[in-house]
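Residue numbers (our numbering): 67 to 139.
Note that CB positions come from ideal geometry on N, CA and C, so glycine has one too.
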Amino acid sequence: MSLPTQVDAPAAAQPRWSLVIHGGAGILTRDSVSPEQETGARAGLAAALAAGSEILSAGGDALDAVQAAVQVL
């Protein structure tokens, strides 16, 4: 599974921060993950990014953003 590595946005709208999460590592192969499982995993990753991004967008601390993202995962 892979997510886009970059989201294009107008220069004025780009935040001055970055948040990166890792969707896991291991021995899963594409054929061992059902479409439903992949959809669920992607939704979880998106929710984690949203939780951390919300804190950073509001001027919060990086540590708080990371904790929020990890709690979602």
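> Going by beta carbon distance, what residues of the same chain come within less than 6 Å of L138, once the five residues before and after it are set aside?
Replying inline: As written in the sequence, residue 138 is Val, which differs from the Leu given in the question. Excluding residues within five positions, the ones whose Cβ falls inside 6 Å are A113, A114, A117.
Between A131 and L85, how many whole angstroms is the CB-CB distance? I'm expecting something under 8 Å.
6 Å
Practice task
Give the C-beta separation of L122 and I87 to the nearest angstrom, bearing in mind that I take them to be a contact with Cβ-Cβ under 8 Å.
Solution key: L122 to I87, Cβ: 13 Å. No contact.
I need the DSSP call for P101, collapsed to helix, strand or coil. helix
Practice problem: With DSSP as the reference, label D130 as helix, strand or coil. | Solution: helix
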